[in-house]
Amino acid sequence: MLRVTRQAADPAGEIASLIHDSFAASEGPAEGARVGRLAAALLAGPAPAAEAFLAREGDALVGAVLFSPLAFSDDPRRVLLLSPMAVATGRQGEGIGQRLLGEALATLDAEGVDAVLTYGDPAFYGRLGFRPLDPRETAPPFPLSMPQGWLGRPPGGEASGALPPLRGTSRCAAPLSDPALW
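Residue numbering for the sequence shown follows my numbering, starting at 409 and increasing by one per position.
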């Protein structure tokens, strides 16, 4: 039975390993290594820059999604950046990612998060209420190589309407402050 849990560290490297393996299988070894290092950096130290929601079956980790703060200079709203997210390679296509992300977003909505942004696949994230953002109205931390992947979700997803633009420049967690990621 699939259960979703939450944690703010990765002491055994289990989350980073899952993310590495998933990205290596789909995007190649170099991308797997880069995104695996990113996940490890986001969850490192006594005060991790991100927290993870995890999907487990028994003791097996089958999915992970990380959320870190994304601050806008002229906007007081509480915004999180979803990155990265992965499902175990042999388990993709079973709905694990959609269920994991759905439960994580419901929890964040209940906690009063004002918006969740991501830079990813519009087809996948669109199923969970994410909509395209105009980078001129809601500025990403760095120029985007694929602007169509800049997506946002207000609390409650698409049922609550479009996400109003977030004002000012944005600043992400230090491990994500690499223009090559964007």
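C-beta atoms are modelled at their ideal positions from N, C-alpha and C, and glycine is treated no differently.
All values derive from a computational prediction rather than experimental measurement.
Assuming residue i is part of the alpha helix (DSSP H), what are its boundary residues?
i	result
S434	422 to 435
Start and end of the beta strand (DSSP E) containing residue i?
i	result
P477	468 to 480
S585	Per DSSP, S585 belongs to no beta strand (DSSP E) and is neither H nor E.
T577	Run containing T577: none; DSSP gives neither H nor E here.
L410	410 to 415
A460	459 to 465
With C-beta atoms as the reference, is residue i less than 9 Å away from residue j?
i	j	result
L474	A496	no
D483	R575	yes
L584	R561	no
L451	P549	no
L552	P563	no
V524	F461	no
P454	D418	no
T526	L559	yes
A432	E439	yes
F538	G565	yes
P530	G501	no
E465	M554	no
D517	R485	no
What does DSSP give as the partner residues of residue i in its beta bridges?
i	result
D483	F480
Any chance you could list the beta strand (DSSP E) runs of at least 3 consecutive residues sitting entirely within the segment 486 to 571, in chain order? DSSP runs (the beta strand (DSSP E)) wholly in the segment 486 to 571: 487 to 495, 523 to 527, 558 to 561.
Okay, do the segment 490 to 498 and the segment 426 to 444 touch, 3+ Cβ pairs below 8 Å being the bar? yes
How do the segment 464 to 471 and the segment 501 to 521 stand: do at least 3 beta-carbon pairs fall below 8 Å, yes or no? yes
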